[in-house]
Amino acid sequence: MRTTVARALGCEVSLLQSGMGGVAGPELACAVSEAGAAGCAGGYKLSGAPLSAMLERLVAHTARVVGVNLIPEVVGPGQLGRQVAQVLGETPERVYLSFFGMPPDAVLQQLVGAGRRVVVQVGTVQDGVRAAGLGAVVVAQGIEAGGHLLGEWRRDDLVAALRDRLPDAVVAAAGGIGSPEQAGRALAAGADGVLLGTVFVAARESRAHPRFKAAVAGAEAGDTVISDVYEIGWPGRRHRVLATAVTADPGQPARFIGRTVVEGKPYLVPRFSAAVPTDATSGRIEEMALYCGLSCSAVAGEAAAADVVAAFAPVLADGAGATHPHPHTDPHPHTDTDTHLHPCTDTHPHPDPQMGTDAHAAPDPQMGTDAHAAPDPQMGTDAHAAPDPYMGTDAHAAPDPYMGTDAHAAPDPYMGTDAHAAPDPYMGTDAHAAPHPHKDTEPHPDPHAGTHPHPDPDPDAHAGTDMDLDLDMERELSDAGR
10 MRTTVARALG CEVSLLQSGM GGVAGPELAC AVSEAGAAGC AGGYKLSGAP LSAMLERLVA
70 HTARVVGVNL IPEVVGPGQL GRQVAQVLGE TPERVYLSFF GMPPDAVLQQ LVGAGRRVVV
130 QVGTVQDGVR AAGLGAVVVA QGIEAGGHLL GEWRRDDLVA ALRDRLPDAV VAAAGGIGSP
190 EQAGRALAAG ADGVLLGTVF VAARESRAHP RFKAAVAGAE AGDTVISDVY EIGWPGRRHR
250 VLATAVTADP GQPARFIGRT VVEGKPYLVP RFSAAVPTDA TSGRIEEMAL YCGLSCSAVA
310 GEAAAADVVA AFAPVLADGA GATHPHPHTD PHPHTDTDTH LHPCTDTHPH PDPQMGTDAH
370 AAPDPQMGTD AHAAPDPQMG TDAHAAPDPY MGTDAHAAPD PYMGTDAHAA PDPYMGTDAH
430 AAPDPYMGTD AHAAPHPHKD TEPHPDPHAG THPHPDPDPD AHAGTDMDLD LDMERELSDA
490 GR
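Just so you know, we're using my numbering here: the sequence shown kicks off at 10 and counts up by one.
Here is the structure:
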């Protein structure tokens, strides 16, 4: 019998909570862990004192297994090494490390050698095999997932392909799982547990902005799109988000659309920023990056994290159903026609129009088959001949407005390099390791936080146009420079 996620990590329920940057703080992570699953706080680009503060809260509020998620591709090897060293030096062994994407082999070897449990989320078979070979629990992310996408596979196809290559490895499934029934299908496909993200965006302990939570709870799978427009701070990676005015028209002017606070420090938020709107964000929330997976169809509203874990426990609790095959799950999941499942997660006999057709009739492009014979509709063909609305727009037809504008006219506060002048804990200090093509050389934190007569204003106060909000912010920057 294979090892479950719960046994591999030392918790009770084979459920991993995604360590979403900005959204998954210590409050959410600890609530999930206290309920018996594997909670995880988003470390993102934090380092130094801000990371220490987060780690201190994390270990103070639960004595159970809990994790910290890091993102190698957005910080580079230098800062990643510092983050890992800080977690190792400031937390007990029960704190596991989670990575979104493959870290350097040496990092995994360092952590395993130090006795730490490690989780790596991947989007390809190659990365999964590599991570498992270095001792990690592998999370297979499908394109049903919300947020940034690591590959082009459908979830169950990737799980099956990894299981074929890794019969004894611990593999969790991620993407489009919003109900216990959907979790059961993932187990039947070969997974040893699941990772949930979108469901926890709407959790009571989540730091997502209330309107972000409401948007997720009110959305159906068809309200999501795969785009690349929210690339400021995290370029080069497609993402699944709720459709917004920004995804519909990426040729809009590059202007500030809000304010936010990160670890006590204020920043202005430009349109196209990869940052999610949190409970510390104000402005045009509905135009920001509302990361959301196909599982939103199963999210009815805000719920306590413990209640979410309890709902999944009958399927995922260790010793009570998290063995293989799952006793409460049809071993042939594709024959189930349960109408309570959204068609986006039940590919047979109701193919999902977003997900392509039967995997046997329309092979995954990662599998090495002839993509021209049965292309994945999510991947698009000739963008000019038949643009796919789920893929965003053609970059040539609608160029990134940040590419041709004056960076000083609409600077991105997250992109600065003068860390001593205005250190952004989310940006780190290894600028050469993680460069950004639109990088401004002078960061512009919000100079009026704490002194403005209306700090962190309600967006409705700016009832005028885009330009009104943008000009207010530019005036503040101009005044600060005098």
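The beta-carbon is built from N, C-alpha and C at its ideal position, and this holds for glycine as well. Remember, it's a predicted structure, so these values are computed and weren't measured experimentally.
Exercise. Locate the beta strand (DSSP E) running through residue 49, then write down its first and last residues.
Key: 48 to 53
Practice problem: Can you tell me which of the three DSSP states residue 42 falls into? | Solution: helix
Quiz item: Are residue 15 and residue 327 closer than 8 Å when you measure CB to CB?
Solution: yes
Quiz item: By how many angstroms is the C-alpha of residue 59 removed from the C-alpha of residue 273?
Solution: Residue 273 and residue 59: Cα-Cα distance of roughly 9 Å.
Quiz prompt | Bridge-paired residues (DSSP) for residue 171 | solution = Looking at the DSSP assignment, residue 171 forms no beta bridge with any residue, so it has no partner.
Exercise. Return yes when at least one heavy atom of the ligand COA lies under 7 Å from the C-beta of residue 134, else no.
Key: In the structure on display, the ligand COA does not appear, and there are no ligands present to speak of.
Quiz item: So, does the CB of residue 269 fall closer than 8 Å to a CB anywhere in chain B?
Solution: Chain labels in this structure do not include chain B; a single protein chain is all it has.
Exercise. Go ahead and label residue 275 buried or exposed: buried means 16 or more other beta carbons lie within 10 angstroms of its beta carbon, across all protein chains shown.
Key: So residue 275 counts as buried.
Quiz item: At what residues does the beta strand (DSSP E) containing residue 226 begin and finish?
Solution: Judged by DSSP secondary structure, residue 226 falls outside any beta strand (DSSP E) and instead within the alpha helix (DSSP H) spanning 219 to 226.
Quiz prompt | Rounded Cβ spacing between residue 164 and residue 185 (contact assumed at less than 8 Å) | solution = 6 Å
Quiz item: Hey, quick one: how far does the beta strand (DSSP E) through residue 233 stretch, first residue to last?
Solution: Looking at the DSSP string, the run of the beta strand (DSSP E) that includes residue 233 is 233 to 236.
Quiz item: Short check: CB of residue 129 to CB of residue 111, under 8 Å?
Solution: yes
Exercise. Give the straight-line distance between the Cα atoms of residue 233 and residue 302, rounded to the nearest whole angstrom.
Key: 7 Å
Quiz item: What's the gap between the Cα of residue 160 and the Cα of residue 193?
Solution: 23 Å
Self-check item: Same chain, Cβ closer than 6 Å to residue 44, neighbours up to 5 away in sequence not counted
Solution: 315, 318
Practice problem: State the Cα-Cα distance for the pair residue 282 and residue 239, rounded to the nearest angstrom. | Solution: 5 Å
Exercise. Name the residue from 12, 56, 75 whose alpha carbon lies nearest to the alpha carbon of residue 37.
Key: 75
Exercise. Consult DSSP for residue 287 and reduce its assignment to one of helix, strand or coil.
Key: If DSSP states are grouped into helix, strand and coil, residue 287 belongs with the strands.
Quiz prompt | Separation of residue 261 from residue 107, as counted between CA atoms | solution = 36 Å
Exercise. Using three-state DSSP, classify residue 27 as helix, strand or coil.
Key: In this structure, residue 27 counts as coil in the three-state DSSP scheme.
Practice problem: Would you identify the three-state DSSP class for residue 149, choosing helix, strand or coil? | Solution: strand
Quiz item: Would you say residue 143 and residue 114 are within 8 Å of each other, going by their C-beta atoms?
Solution: Between residue 143 and residue 114, the gap from beta carbon to beta carbon is short of 8 Å.
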